[in-house]
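Residue numbers (the working numbering): 33 to 147. Note that CB positions come from ideal geometry on N, CA and C, so glycine has one too. Scroll down for the structure; my scribbles are underneath it.
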């Protein structure tokens, strides 16, 4: 069972808003690149549920248990993120619950007509 995966939406009174999502892999037996892919699939679900796309992500915080594995994550990120686009992103090392190797925390902009 993942340590935490959740989504929250805030709608601005004049339209638009923000979606925040936290995702970890659903299968903690996976290696780091595959945990990243699985967490990205969770994020894709959040975006789809709210009529958003990956290009609507304005910020992504990546938390990992091993900063030295950043090149592995970067390769998966490049597969996932649309070419020519990339939100502000940080990559930090932290202790995490057993089995979790990577966690994604995203902020996405809601469109005015969807808020």
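- DSSP lists 39, 138 as the beta-bridge partner residues of residue 53.
- In this structure, residue 144 keeps its C-beta atom at 7 Å or more from the C-beta atom of residue 53.
- Residue 68 sits close to residue 108, with the two beta carbons spaced by under 7 Å.
- Partner residues in the beta bridge of residue 91, as assigned by DSSP, are 120, 139.
- In the displayed model, residue 144 falls within a helix according to three-state DSSP.
- In this structure residue 78 is buried. Its beta-carbon is surrounded by 16 or more other beta-carbon atoms within 10 angstroms.
- Residue range 64 to 81 is occupied by the alpha helix (DSSP H) that includes residue 77.
- Residue 130 and residue 66 have their alpha carbons spaced roughly 16 Å apart.
- A straight line joining the alpha-carbon of residue 88 with that of residue 140 spans about 5 Å.
- In the three-state DSSP reduction, residue 111 falls in the helix class (H, G or I).
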